[in-house]
Amino acid sequence: MLSIKNLQARVDDQAILKGLDLEVGPGEVHAIMGPNGSGKSTLGYVLSGRSGYDVTGGSATLDGRDLLAMGAEERAREGLFLAFQYPVEIPGVSNMEFLKASVDAVREHRGLAAYDAVSFMKRARESCKAVNLPQEFLKRGVNEGFSGGEKKRNELLQMMLLEPRLAILDETDSGLDIDALQVVADGVNAMRSRERSFILVTHYQRLLDYVVPDFVHVLAGGRIVKSGDRRLALELEEKGYGWIAGEVA
Amino acid sequence: MSDQINAYLDHEYAAGFVTDIDAETLPPGLNEDVIRFISAKKDEPDWLLEWRLEAYRGWMTLREPQWAHVQHPPIDFNQVSYYSSPRSLDDRPKSLAEVDPELLRTYEKLGIPLHEQEALAGVAVDVVFDSVSVATTFKEKLKEAGVLFCPISEAVHAYPELVRKYLGSVVPRRDNFYAALNSAVFSDGSFVYIPKGLRCPMELSTYFRINEASTGQFERTLIIADEGSYVSYLEGCTAPMRDNNQLHAAVVELVALNDAQIKYSTVQNWYPGDKNGQGGIYNFVTKRGVCHRNSKISWTQVETGSAITWKYPSVVLRGDNSVGEFYSVALTNNLQQADTGTKMIHLGRNTRSTIISKGISAGRSQNAYRGLVRMNPGAEGARNYTQCDSLLIGDRCGAHTFPYIESKNASAVIEHEATTSKVSDDQLFLCQQRGIDPEKAVSMIVNGFCKEVFKELPMEFAVEAGKLLEVSLEGAVG
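Printed below as a string of structure tokens:
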């Protein structure tokens, strides 16, 4: 599904990704771990097409299509979803209006009819329930005055409504208490399917107790330096990242 | 800010067509003979000619105000033509059927429901084209209800006592440079009178359009809401694209007698000039209302056009318990400059005022809010609440806030809140990552920012205002 080969990218003249390779098959869940500054968030931004993140080499394709040639909104419509580490507020624009505009754009791209207001409302309410967000959050401005946990659940709500092919969760677990973490994990697990893949970017193995990944990768110095299964995450938890740096060197 | 936000403000001004109509236009220049000509053209009574001449003499002693945060080359008031009338109107049309079909097509392009059958939406329209009122729809029906709605030139003849009593009663002839000029040369505008106790059965509306190349437009509107009455009035404005700057200096006077309510909404879309600042309307407007006991005046404005906007719709809260409101969205793009706001003058006891101002700056434009809240010694228990929010799009524009607060009564309460924010890259990227294209995203963000003001507009115009913002912002991101 997602195929990344020798990806290199820089931000402000500083090379961050230095030849990253990653293959994600349909239905797979990959966890990416690594020390601060290793390029984890950059990977999400580069794949989703944020301006200011310049690709200097390599390739990335989604279902065989060249992701890097598409604009950010087109990548989203093709089914790439990024859950933000720090979701931004858009005051005055109601969550509902935002969600409808977003889902309409994505569905139009896929050749599907737009939801009418009533059935969309129904879906939005159901999704709210699934992520344990009270319905009045639909009427509030996008993330406006939301707590950290509420913002993360709002990201999940968007993911559910957009039904992406590939979801990248950028440290969605950071700053969450154990109950909120459980909600996020339940949301992801409920959405796991044979067609949908996930990349979980995380610092801690805690999330992986709830969402069990098929693969775990360590990103360091802009490259994947070690891959394994679930047990790799436990090993990292125990030993930290230092030993890998040593092993690679 | 980013390349994201800088490039796509190039749009064609949609109302920028010129109507090819045979017109009678006075050569440029201003002197007493010009005023006599205008007055004679309208067959005005002597008192009005004298009134105009007095205003002209006052104007000669006044100077252009220099305090506004706008810059423009000096205006040569002798290069402006002070009167233009479509020639075919020399014999004024008695009904719509007699109106020049070319004019009607102009209004169709503008989307004005001029034909009565199209006006089922319930809007009665007075149309001012260059200097003269062309047609007033629904006039007969309104008259049956007792509402007087007609061109002011007609009201001078039909309702001389009302005009004489109230003309200049809110904005005196020498109030300021532009008001004095208007008083001397005003050519037409709308007149409204709502009788005692009547709730006007439909929205009243005026569309102004400047067509002739170097014509100034100086319309004058007078609205009188008698005791216990209510009226909602809407004004829309457009002009063709011209390379030179055109002058617009209007005066609007509102009188709300005891227990009356006037709601005055404006959607101003004068030609803003091109993206290099060539051409565009210079809009110097004096709008003011006076509130008597228990009455209320509410100004709502959406200002997206004009090269320069100089405009402060104000309320003099003379009567006890009267209420003044000002809701404003002012959007500037490219090289537009706006200096706009309001004055709330509290004279009576327990008077209340609310000011909500939303300024949006894009391109290299400058957008200033200027407002005065004055509590006079007699304003026992008066209150004001002001909220001024500025939104910046890009990093080459400016937003400025100049609030003036004067309180001479210790029991008065004045609150002022102000914020400045930017449409950020983060917001735009969030929208894009959710599949929304950047133009739509900016328009959504700006509309969200203006929500509090749009909800004050009559329903159909709120939609129009939203679309207008979208068009005016085209090219603000790219």
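From first to last, the protein sequence lines stand for chains A and B.
One gets the numbering used here by counting positions in the first sequence from 1 and adding 8 to each.
One gets the numbering used here by counting positions in the second sequence from 1 and adding 19 to each.
All C-beta atoms in this analysis are idealised placements derived from N, C-alpha and C, irrespective of residue type, glycine included.
For MET167 of chain A, the enclosing alpha helix (DSSP H) begins and ends at 156-170. Taking the Cβ atoms as the reference, GLY382 of chain B lies roughly 5 Å from ASN352 of chain B, within the contact range of under 8 Å. GLU73 of chain B has its alpha-carbon roughly 31 Å from the corresponding atom of PRO214 of chain B.
The straight-line gap separating the alpha-carbon atoms of ILE24 of chain A and ALA80 of chain A is approximately 20 Å. Beta-bridge analysis with DSSP links ASP62 of chain A to A:ARG18. Note on ILE424 of chain B: under 16 other CB atoms within 10 angstroms of its CB, so exposed under the neighbour-count rule. Under the criterion of beta carbons closer than 8 Å, ARG173 of chain A and GLY52 of chain A do not qualify as touching, at roughly 15 Å. Against chain B, the beta carbon of HIS117 of chain A has neighbours under 8 Å at GLY454, listed in chain order.
Fully enclosed beta strand (DSSP E) runs of no fewer than 3 residues occupy 315-322, 327-330, 333-336, 342-351, 356-365 of the region 303-377 of chain B, in order along the chain. Within chain B, not a single residue places a beta-carbon under 9 Å from that of PRO172 of chain A; the smallest gap is close to 10 Å. Using a Cβ distance threshold of 9 Å, ASP237 of chain A and ASP217 of chain A do not count as a contacting pair. Among the residues facing chain A, GLY485 of chain B is not included, as its CB has no counterpart in that chain under 9 Å away. Along the region 57-78 of chain A, going in chain order, the ones with a CB nearer than 7 Å to a CB of chain B are ARG58, SER59. For LEU181 of chain B, the enclosing alpha helix (DSSP H) covers residues 179-185. In the three-state scheme derived from DSSP, where H, G and I count as helix and E and B as strand, GLY72 of chain A is classed as coil.
Shown here, ALA203 of chain B sits in a helix according to DSSP, grouped into three states. The C-alpha of ARG214 of chain A lies about 32 Å from the C-alpha of LEU76 of chain A.
The beta carbon of TRP329 of chain B lies closer than 6 Å to those of ALA87, PHE303, ASP358 in the same chain, with the five residues before and after it left out. If you ignore the 5 residues before and after ASP178 of chain A, its C-beta comes within less than 8 Å of the C-beta of LYS48, SER49, GLY52, LEU90, ALA91, PHE92, GLN93, VAL209, all in its own chain and listed in chain order. CA-CA distance, ASP62 of chain B to ASP339 of chain B, rounds to 41 Å. Taking the CA atoms as reference points, TRP66 of chain B sits about 41 Å from ALA481 of chain B. Taking the C-beta atoms as reference points, GLU399 of chain B is found no nearer than 9 Å to SER426 of chain B. For MET478 of chain B, the closest Cβ of chain A is not nearer than 9 Å.
Taking a cut-off of 8 Å for Cβ pairs, the region 123-142 of chain A and the region 54-61 of chain A do not touch, as fewer than three such pairs fall below it.
In the DSSP assignment, PHE157 of chain B falls outside any beta strand (DSSP E), carrying neither H nor E. Ranking B:LEU476, B:GLY467, B:MET478, B:LEU492 by CA distance to the CA of GLU105 of chain A puts B:GLY467 first. Within chain A, no residue has its beta carbon less than 7 Å from that of ILE375 of chain B; the closest one is some 13 Å off. Residue pairing by DSSP places SER426 of chain B opposite B:MET394 in a beta bridge. Chain A has a Cβ within less than 9 Å of the Cβ of SER443 of chain B. Following the DSSP letters along the chain, one finds CYS136 of chain A inside the alpha helix (DSSP H) bounded by residues 125-138. By the rule that beta-carbons nearer than 9 Å mark a contact, GLN166 of chain A touches chain B. In this chain, the alpha helix (DSSP H) harbouring LYS247 of chain A covers 238-247.
The C-alpha of LYS470 of chain B lies about 12 Å from the C-alpha of VAL321 of chain B. Under the Cβ criterion of 9 Å, CYS407 of chain B is not counted among the residues facing chain A. Below the 7 Å Cβ cutoff, chain B contributes GLN452 as neighbours of LEU90 of chain A, in chain order. DSSP, read as helix, strand or coil, puts VAL96 of chain A in coil.
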